[in-house]
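Quick note on numbering: this note's numbering labels position 56 of the sequence shown as 1284, and the sequence is numbered without any gaps. All C-beta atoms, glycine included, are put in the ideal place defined by N, C-alpha and C.
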Amino acid sequence: MTQAALDMSRAPSAAAAQQAFAEIKALGLEPHVAEIESLGYTVIPPERVGAPKLVPELLRRMCEISKEARGQWPDLQNGTTHADAADPIERQSFLLAKGRVFEQALMNPVVQAMVAYLLGNDAVLSTCGGRIKGPGALPLMLHTDQTFHPAPLPLVCNATYLLTDYTKENGALCFIPGSHRLQRHPLPEENFNLDGLNRLQAEAAVAQGRHLRIRNPPDLAVVEAPAGSLAVWPGNTWHGAVPRSKPGLRVNLILYFCNKWLRPQEAYRECLPQDVLDRNDEQFARLVGSDIFY
1229 MTQAALDMSR
1239 APSAAAAQQA
1249 FAEIKALGLE
1259 PHVAEIESLG
1269 YTVIPPERVG
1279 APKLVPELLR
1289 RMCEISKEAR
1299 GQWPDLQNGT
1309 THADAADPIE
1319 RQSFLLAKGR
1329 VFEQALMNPV
1339 VQAMVAYLLG
1349 NDAVLSTCGG
1359 RIKGPGALPL
1369 MLHTDQTFHP
1379 APLPLVCNAT
1389 YLLTDYTKEN
1399 GALCFIPGSH
1409 RLQRHPLPEE
1419 NFNLDGLNRL
1429 QAEAAVAQGR
1439 HLRIRNPPDL
1449 AVVEAPAGSL
1459 AVWPGNTWHG
1469 AVPRSKPGLR
1479 VNLILYFCNK
1489 WLRPQEAYRE
1499 CLPQDVLDRN
1509 DEQFARLVGS
1519 DIFY
């Protein structure tokens, strides 16, 4: 390859990187980029996320969807609607097609800037899903977001809106700082210890009323952040969640992005209603894969 051709091949990625970081600077997100580089994750506070009206609307719409599916409004205060000790989590999927508020969450400039920094301009939305978590006895085991990919891991990223306050007692997200540099999945001995049981055995034991001694992995960092915050991390960072030990529900909205050559989890290009595309811009269309030709 000639030097001119080499320079030409590098130019687009260099320009994209410069553009992405210019947007990071314009939004005042440099400290959060530094945290991702150092720790493997960051939590952007509500005042920087800049969506004070969006978060309660997201929470309300997710509660409506829950009522449509389960027949009752989620008990946000006491968690009685999600009281399965072994699996207290309601999983909602394909939310991008279930309300404009989810489209607005996707197109938040802070989300877009962080995703562009991590994945470049070829990122597409893999899934837009929600979780409503009640009190329970078991943690979400440590994992990467690239479960089906062998090491060294390719890059995806996660941007999660915290729709309720996150604390240890509320069953918050947790990370192993610096684990993104290992470029591999966690080993069993590096994970939560469920009283010597595997996950299926632990779920069965809890369902039978047995109390388990849960031992956390060393160096576990539990997120403490108010509703309206945005947690962002690359797909190779080890993360999970601690059990919720107090009444009430923890609610989030997960925007999971992948490189264009990976198959998204949700088929937006094939299934998203045309009116959703019509009322949004070209960037939105690209994020849902409209320019993928295969």
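- In its chain, beyond the 5 residues on either side, A1387 have a beta carbon closer than 6 Å to the beta carbon of V1339.
- Here F1512 has E1331, L1334, M1335 and L1505 as same chain residues with Cβ atoms under 8 Å from its own Cβ, once five neighbours each way along the sequence are excluded.
- When rounded, the separation of the alpha-carbon atoms in A1254 and P1337 is 11 Å.
- The C-beta distance from E1494 to S1354 rounds to 7 Å, short enough to fall under 8 Å.
- In this structure, the alpha-carbon of C1486 lies about 32 Å from that of A1430.
- For I1252, the three-state secondary structure derived from DSSP is helix.
- Here DSSP, grouped into helix, strand and coil, assigns R1497 to helix.
- Using a Cβ distance threshold of 7 Å, G1362 and P1471 do not count as a contacting pair.
- In this structure, the beta-carbon distance from G1468 to M1342 does not fall below 7 Å.
- When the beta-carbon positions are compared, N1464 and Q1502 stay at least 7 Å from each other.
- Annotated three-state conformation of Q1511 is helix, per DSSP.
- Comparing C-alpha distances from V1277 to each of N1508, M1290, A1459 and A1297 shows the shortest one belongs to A1459.
- Here the region 1447 to 1462 lies against the region 1392 to 1403, with 3 or more beta-carbon pairs under 8 Å apart.
- With respect to V1352, C1402 sits apart: the two C-beta atoms are not nearer than 7 Å.
- A distance below 7 Å separates the beta carbons of L1481 and G1358.
- The residue from K1474, A1243 and K1396 with its alpha-carbon nearest to that of Y1345 is A1243.
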